[in-house]
Ligand SMILES: *[C@@H]1O[C@H](CO)[C@@H](O)[C@H](O)[C@H]1NC(C)=O
Ligand SMILES: *[C@@H]1O[C@H](CO)[C@@H](O)[C@H](O)[C@H]1NC(C)=O
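Numbering (full-length UniProt numbering), first residue to last: 1 to 265.
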């Protein structure tokens with residue numbers, strides 16, 4: 001390469017500001033280093049926003065079965081604010097509350113958000129117990145994080161008499177919550193991919209409450225009979241998964257993921 005061109009290129013590179021964020025479509029600086037390849041199959045219905053109305057959503061899915069809604073909201077701006085450099089700059093010094101990733105979350109630990117990003121946001125080894133895994137999800141301080149969450153555009157299909165509550169999280173590849181259930185809600189990934197497993201309320205899967213989803217996927221899932229197989233799909237940015245009341249579900253983050261759930265209650 002010509003010396004001058006090389007010098008100019010170098011000048012251009014070193015002059016990029018520290019907080020430079022590549023255009024959308026990148027990973028927001030969250031890195032894809034230890035991603036899990038296997039996305040599994042997708043046997044959950046997927047509806048494009050243009051192919052479904054609120055009334056149809058209520059009639060066909062709200063009380064009946066999970067669905068993935070595509071293109072519901074445009075969270076480009078929220079995604080931009082959730083880049084690693086932005087979050088570190090805005091919230092690095094704040095205290096966040098982590099909890100263990102077992103079915104009945106027991107332990108809670110408070111750490112500085114910066115410490116969490118630097119030391120705890122690591123890939124999940126397969127033999128770790130869910131009860132030993134610290135997970136940043138929920139327990140969000142909506143006073144301190146207000147200016148971030150007010151930029152989030154929640155799925156617009158509401159359920160009658162139900163109000164939304166948000167839960168924001170960040171987790172490394174291989175992490176996820178084991179099977180549990182609660183009220184209806186939505187889940188969206190802002191960065192990364194999240195694999196979902198669901199069973200109807202009356203069809204509880206077999207699992208150990210202290211074991212991670214990763215160990216369930218590698219040890220139990222391959223031995224399931226056809227009729228024992230879950231509903232499953234891997235969701236990506238731009239897709240929102242809806243789960244009805246009391247459906248069993250477990251999740252597995254395939255990449256370092258930034259995600260937000262909207263619980264309806
Ligand atoms: C949330 O943050 C505010 C402001 O820093 C603080 O006063 C409050 O105690 C925090 N709430 C919890 C539950 O930690
Ligand atoms: C799960 O882990 C918790 C905390 O370590 C422990 O108290 C509990 O007995 C464990 N449950 C089972 C079923 O092993």
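Think of the CB as a built atom: it goes at the ideal place given N, C-alpha and C, for glycine as much as any other residue.
Since the model is a prediction, treat every value here as computed from it, not as a measurement.
Option nearest residue i by Cα separation, candidates the options
i, options, result
"residue 132", "118, 108, 153", "108"
"residue 35", "120, 223, 173", "173"
"residue 72", "236, 81, 50, 262", "50"
"residue 249", "189, 184, 257", "184"
"residue 42", "259, 125, 230, 202", "230"
Run of the beta strand (DSSP E) containing residue i, from where it starts to where it stops
i, result
"residue 99", "95 to 100"
"residue 194", "194 to 199"
"residue 146", "Counting along the chain, residue 146 falls outside any beta strand (DSSP E), though it belongs to the alpha helix (DSSP H) covering 146 to 149."
Exposure of residue i, with buried meaning 16 or more beta-carbon neighbours within 10 Å
i, result
"residue 119", "exposed"
"residue 64", "exposed"
"residue 253", "buried"
"residue 153", "exposed"
"residue 28", "buried"
"residue 257", "buried"
"residue 213", "buried"
"residue 24", "Here the model assigns residue 24 a pLDDT of 43, short of 50, so the residue's position is not dependable, and the following value carries that caveat. Its Cβ having fewer than 16 others within 10 Å, residue 24 is exposed."
"residue 246", "exposed"
Three-way DSSP call (helix, strand, coil) for residue i in this model
i, result
"residue 76", "helix"
"residue 21", "Only weak support is given to the placement of residue 21: the predicted model assigns it a pLDDT of 37, under 50, and the question is left unresolved by the model."
"residue 60", "helix"
"residue 130", "helix"
"residue 159", "coil"
"residue 269", "Because the chain is modelled from 1 through 265, residue 269 falls outside the range shown and cannot be assessed."
"residue 104", "coil"
"residue 91", "helix"
"residue 13", "The pLDDT assigned to residue 13 is 37, lower than 50, so where the model puts this residue is not dependable, and the model offers no usable value."
"residue 257", "strand"
"residue 234", "strand"
Neighbourhood of ligand 1 [Cβ distance below 5 Å to any heavy atom], ordered by chain position | 141, 143, 144
Contact shell at 7 Å, judged by CB to any heavy atom of ligand 2, ordered along the chain | 102, 106, 131, 208, 209, 210
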